[in-house]
Amino acid sequence: MPDYLAEAQELDLVAWRRDLHRHPELGFAEVRTASIIARHLSELGLEVQTGIGKTGVVGLLEGCQPGPVVMLRFDMDALPITEENATDYVSQSPGVMHACGHDGHVAIGLGVATLLARHRNELSGSVKFVFQPAEEGMGGAMEMIKDGALQGPRPDVALGLHIFNQLPLGQVAAGEGPVMAAAERFHCIVTGRGGHGATPHQTVDTVVVAAQIVTALQTVVSRNVDPAEPVVVSVGSLHSGSAFNIIAEQAELWGTIRTFDEATRQTVLRRVREVVEGTAHTLGASVQLEIEELTLAVVNDVAASARVREAAARVVGAANVGTQQRWMASEDMSYFLREVGGCFFFLGGARHPSEFPHHNPRFDFDEAALPQGVAILCDTTASYLRGA
Ligand SMILES: [Zn+2]
Ligand SMILES: [Zn+2]
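Going by my numbering, the first residue of the sequence shown is number 40, and it counts up by one from there.
Structure, rendered in structure tokens:
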């Protein structure tokens, strides 16, 4: 096996990442990013398809012998945030920032493609590079799947990673089973009867109803779910009323539900509906509730995650590789992993314990994580394609 870490440390990963960081692009608008990727993959001799899922790029690297197909997925999009860092690679686009580390993921993807292309004569099988647009809640993975990203050839295993600031640099977590949450968005409109603030008995006060709904929803997690099972029900937005002396006719709530386990998810979806509708009806209001699926849980295959951990142990040392880390955020890697078993792992990126979190205007990560990510993915892929 080549020393992929030593080779990765010789690549221009930092320069690639900083260039992408200076020029962030929002979901489905990753035109510059996609063209850099397509050019790089073409120069390496890969077969490249662009426009897969609007701005997505797929590259196929054929080894020297037939064998399995390993898919490697990297997301490319930035977030609608104005960067507040003062680095010399700060975002040049006001209101757009790589605040989740996807610039790092693209740089890692370019690095993996470079090294595996260099070693293609040692690979039995092929590597499908999937550079995905619009991961941040816009459904880029589904768009790529609809456009055939998983066909011709169909992958046997899918791998992906996220730079992760809840872990220090040099640590890796590759858990088994669910590692990131399923996410739903719910929207609720409560309708009562408006009136004078001094004559509440002639009204159905939706401010009171909405307040009761928010309070009652807290019992779903605390009273209906196994305490050992992580679940979140959050109301993020609540609007009602227009003046101090008018009882509001309508109230509107938005919220989110996060779960790992599918049976628990079904229980929570049912209880949220029962609690919202039951509370509104008890207080004489009518209610319309829509619950929309955003993403499934990211669920890792046991064998694939063990293989990632073996590779990670060779790169960062066995003592720095764990299985426990879970992230309550969502990731549409889940849709690839529903179709093709595999592993999505977390690559520690924090320089110090108080590092700013993902999606913060001062988010940044330690670029020493980049060659580690390249080496772990190269090593894992090579382990699948070592041949007989
Ligand atoms: Zn993000
Ligand atoms: Zn992300």
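For glycine and all other residues, C-beta sits at the position ideal for the given N, C-alpha and C.
In this text, all values refer to a predicted model and were calculated from it rather than measured experimentally.
In terms of Cβ geometry, Gly275 and Trp293 form a close pair [threshold 7 Å]. Distances between the C-beta of Cys417 and the heavy atoms of ligand 2 are all 6 Å or more. For Cys103, the CB stays at least 6 Å from every heavy atom of ligand 2. Our two residues, Cys227 and Thr321, have alpha carbons roughly 16 Å apart in a direct line.
Distance from the CA of Pro266 to the CA of Gly179, rounded to the nearest whole angstrom, comes to 34 Å. Met181 carries a helical assignment under DSSP once its states are collapsed to helix, strand and coil. For Val307, the enclosing alpha helix (DSSP H) begins and ends at Glu301 to Thr321.
The three-state secondary structure of Glu82, taken from DSSP, is helix. The shortest CA-to-CA distance from Ser393 to any of Tyr128, Asn204 and Met372 is the one to Asn204.
Relative to ligand 2, the beta carbon of Cys139 is positioned inside 6 Å of a heavy atom.
For Ala197, the closest alpha carbon among the candidates Glu301, Ala357, Arg346 and Gln411 is that of Arg346.
Judged by the Cβ position, Glu175 qualifies as a neighbour of ligand 1 at the 6 Å threshold, a heavy atom of the ligand being closer than this. Counting only residues of its own chain and dropping the five nearest sequence neighbours on each side, Trp366 has a CB closer than 6 Å to the CB of Met219. His158 and Gln104 have their C-alpha atoms some 13 Å from each other.
Counting only runs that start and end inside the segment 98 to 156, the beta strand (DSSP E) elements of at least 3 residues fall at 104 to 114.
Less than 7 Å divides the Cβ of Val169 from the Cβ of Arg112. Here the C-alpha atom of Arg312 lies approximately 10 Å from the C-alpha atom of Val326. The DSSP-derived three-state label of Ala213 is coil. Shown here for Leu154: same chain residues with a beta carbon closer than 7 Å to its own, the five before and five after excluded, namely Tyr43, Glu46, Ala47, Val413 and Cys417 in chain order. Annotation: the continuous alpha helix (DSSP H) that includes Ser344 extends over Val341 to Val355. One thing to note: Phe384 has its Cβ within 7 Å of the Cβ of Leu200. Spatial neighbours of Ser163 in its own chain (CB-CB distance under 6 Å, excluding positions within 5 residues in sequence) are listed in chain order as Gly102, Gln104, Gly106, Leu424 and Gly426. For Pro217, the CB contacts under 8 Å within the same chain, skipping 5 residues up- and downstream, are Phe299, Asp300, Ala336, Val337, Val338, Asn339 and Arg365 in chain order. In this chain, the beta strand (DSSP E) harbouring Glu223 covers Ala221 to Thr230. When the alpha-carbon of Glu291 is set against those of Ser261, Ala324, Thr242 and Pro269, the nearest one is in Ala324.
In the three-state reduction of the DSSP assignment, Ala368 falls in the coil class. Val196 sits in a strand when the DSSP states are folded into three classes.
Beta-bridge analysis with DSSP links Gly95 to Ile91. Beta-bridge partners of Gly380 (DSSP): none assigned. Using a 10 angstroms sphere on the CB of Lys185, the tally of other CB atoms stays under 16, which defines it as exposed. Residue pairing for Glu331: DSSP places it in a beta bridge opposite Arg224.
Per DSSP, Ser163 is one residue of the beta strand (DSSP E) stretching across Ser163 to Gln171. Cα atoms of Pro41 and Ala343: separation of roughly 21 Å, rounded to the nearest angstrom.
Note on Phe225: 16 or more other CB atoms within 10 angstroms of its CB, so buried under the neighbour-count rule.
Contact between Leu208 and Ala357 does not hold, since their C-beta atoms are separated by about 17 Å, which reaches or exceeds 8 Å.
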